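As numbered in our numbering, residues 9 to 361 make up the sequence shown, in order.
Yeah, the Cβ is synthetic: ideal placement off N, Cα and C, and Gly gets one too.
Since the structure is predicted, the reported quantities are computational estimates derived from the model, not experimental observations.
Working notes for the structure below.
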Amino acid sequence: MAVLCQLADPANYRAFDWNLLDDPADLTYWLDLYASFPSNIEPHLRRDGLTGDHFDERWRAFLTEYGAGLSARRENPTAYGALSTIALGDFRRSMLNKHGWPDPYICVKQRENELAAKLYPRVVHEIDARPQGSRWDMLLRGLFAGNMFDLGAPKTIAMYNSGQIDYHQILERIPPRPWFIDHADALCKRLDTDPYKQVLFFVDNAGTDIVLGVIPMVRELARTGIRVVMAANSAPALNDITIAELNPLLERLSKYDPILRQQLGDGQIKTVASGTTSPLIDLSLISDECNEVAAESDLIVLEGMARGVESNWRQKFLCDVWRVALVKDATVAKWIGCRLFDPVCRFDTASTS
Numbered sequence: 009m010a011v012l013c014q015l016a017d018p019a020n021y022r023a024f025d026w027n028l029l030d031d032p033a034d035l036t037y038w039l040d041l042y043a044s045f046p047s048n049i050e051p052h053l054r055r056d057g058l059t060g061d062h063f064d065e066r067w068r069a070f071l072t073e074y075g076a077g078l079s080a081r082r083e084n085p086t087a088y089g090a091l092s093t094i095a096l097g098d099f100r101r102s103m104l105n106k107h108g109w110p111d112p113y114i115c116v117k118q119r120e121n122e123l124a125a126k127l128y129p130r131v132v133h134e135i136d137a138r139p140q141g142s143r144w145d146m147l148l149r150g151l152f153a154g155n156m157f158d159l160g161a162p163k164t165i166a167m168y169n170s171g172q173i174d175y176h177q178i179l180e181r182i183p184p185r186p187w188f189i190d191h192a193d194a195l196c197k198r199l200d201t202d203p204y205k206q207v208l209f210f211v212d213n214a215g216t217d218i219v220l221g222v223i224p225m226v227r228e229l230a231r232t233g234i235r236v237v238m239a240a241n242s243a244p245a246l247n248d249i250t251i252a253e254l255n256p257l258l259e260r261l262s263k264y265d266p267i268l269r270q271q272l273g274d275g276q277i278k279t280v281a282s283g284t285t286s287p288l289i290d291l292s293l294i295s296d297e298c299n300e301v302a303a304e305s306d307l308i309v310l311e312g313m314a315r316g317v318e319s320n321w322r323q324k325f326l327c328d329v330w331r332v333a334l335v336k337d338a339t340v341a342k343w344i345g346c347r348l349f350d351p352v353c354r355f356d357t358a359s360t361s
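Dropping the structure here:
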């Protein structure tokens, strides 16, 4: 594993730089949220046939060990080192792996990718119908709308369970500009007048997020002459897309999209395993291959609330950085001072990062 070479101050880097102990209400919120995940996961395991042998016995053992770990953290938040949502996510993943469910959302991701893939030709056709240079607003809104598919935040979990994650309906509800943080004009001006050589794009969720938000944006970036490398999780984390899922998905979509097919064939769009196994991202623990890509990149994209807001919000970089996300968690919104479901389009140049 490597430390991202583009960090401005790697010696003092902290992926999660919010102090959960500052506000008892925040600490309680996050511990309660993680305590609620088993009740969200179990229905998917049963419905999708992922239970395995002796499920009830193994599930009770998981609940006991997982609950005890959270209880210990309530009694002494620093018992296992600094408490962060990254640490809580790592604990959840370790418990799921230990008891035999490394990817409880695998079937959910497959279904959502299938549904989004059916909409993909229409979405890129609408984008392509616009003159070049006037597509950025539509692409940005598509990123925000797609990013609503998130099974890590209470509001979006409830929306998904009640069938309210509809891409086109959400797209219509994206608020007008200016957004909470809106550096879109500066970003688009740079893309139109002085395109980057290479972009390292850390992607987020499966489904509408990757298919209808990220891939159309990556496709457009590549059309400006930028080489784009998409970095996906090396192992499962909630409904995040993994590198093993991303590559066949791109191949499938390219069958309907000659532009994407040519970009993949020419190496204008590539992929790399990020090395991460969390919904957030610790840039001091990325794969060597990802770090090699970073060294040749002059723009890094942190897409999604977990990667670019909940983690890495205050970090500075040696290259330009674009954080783009829909803020879907009330406590994260409180931390940065926005409203729930506010879009964030934050573009920092290397000199002002």
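query                                                                                                                                : result
Exposure label - arginine 143; buried when at least 16 CB within 10 Å                                                                : buried
Range covered by the beta strand (DSSP E) that runs through glutamate 311                                                            : 307-311
Alpha-carbon to alpha-carbon, aspartate 290 and tryptophan 38                                                                        : 19 Å
Residue span of the alpha helix (DSSP H) that contains isoleucine 223, given as start and end                                        : 223-231
One or two residues paired with valine 280 in a DSSP bridge                                                                          : Ala239
Beta bridge counterpart(s) of phenylalanine 210 as assigned by DSSP                                                                  : Ala239 and Leu310
Local Cβ density within 10 Å of asparagine 241, reported as buried at 16 or more and exposed below that                              : buried
Cβ shell of aspartate 190 (< 7 Å), same chain only, five flanking positions each side left out                                       : Cys353
Which of helix, strand or coil DSSP assigns to proline 351                                                                           : strand
Whether valine 207 touches leucine 307 by CB criterion (7 Å)                                                                         : yes
Reference aspartate 296, options Glu304, Gly283, Leu53 and Leu288, closest by Cα                                                     : Gly283
Tryptophan 330 - DSSP class collapsed to helix/strand/coil                                                                           : strand
Per DSSP, cross-strand counterpart(s) of leucine 15                                                                                  : Phe325
Inter-residue Cα distance where the pair is proline 256 and aspartate 30                                                             : 44 Å
Under the three-state DSSP convention, the category threonine 164 falls into                                                         : helix
C-beta atoms of alanine 76 and leucine 148 nearer than 7 Å                                                                           : no
Cβ-Cβ distance between alanine 239 and valine 280 below 7 Å                                                                          : yes
Nonlocal neighbours in the same chain, by C-beta distance under 8 Å from glycine 89, ignoring five residues either side              : Ala95
Arginine 55 versus isoleucine 135: straight-line alpha-carbon distance, rounded                                                      : 37 Å
Contact under 7 Å by Cβ, valine 236 with leucine 229                                                                                 : yes
Alanine 314 beta carbon less than 7 Å from that of valine 219                                                                        : no
Inter-residue CB distance, leucine 293 and glutamate 318 (contact presumed, cutoff 8 Å)                                              : That pair is no contact at about 16 Å.
Whether glycine 154 touches glycine 108 by CB criterion (7 Å)                                                                        : no
Touch test, the segment 178-188 against the segment 339-358, Cβ-Cβ under 8 Å, three pairs minimum                                    : yes
Any alpha helix (DSSP H) of 4 or more consecutive residues that is wholly inside the segment 92-151                                  : 93-107 and 114-136
Three-way DSSP call (helix, strand, coil) for glycine 215 in this model                                                              : coil
Residue burial classification, asparagine 27 (beta-carbon count within 10 angstroms, cutoff 16)                                      : exposed
Length of the line joining the Cα atoms of alanine 137 and leucine 127                                                               : 16 Å
Beta carbon of phenylalanine 210 nearer than 7 Å to that of alanine 16                                                               : no
Contact between the segment 326-337 and the segment 156-166 (3+ Cβ pairs under 8 Å)                                                  : yes
Beta-carbon contacts of methionine 167 that lie in its chain and below 8 Å, excluding the five residues immediately before and after : Met156 and Ile173
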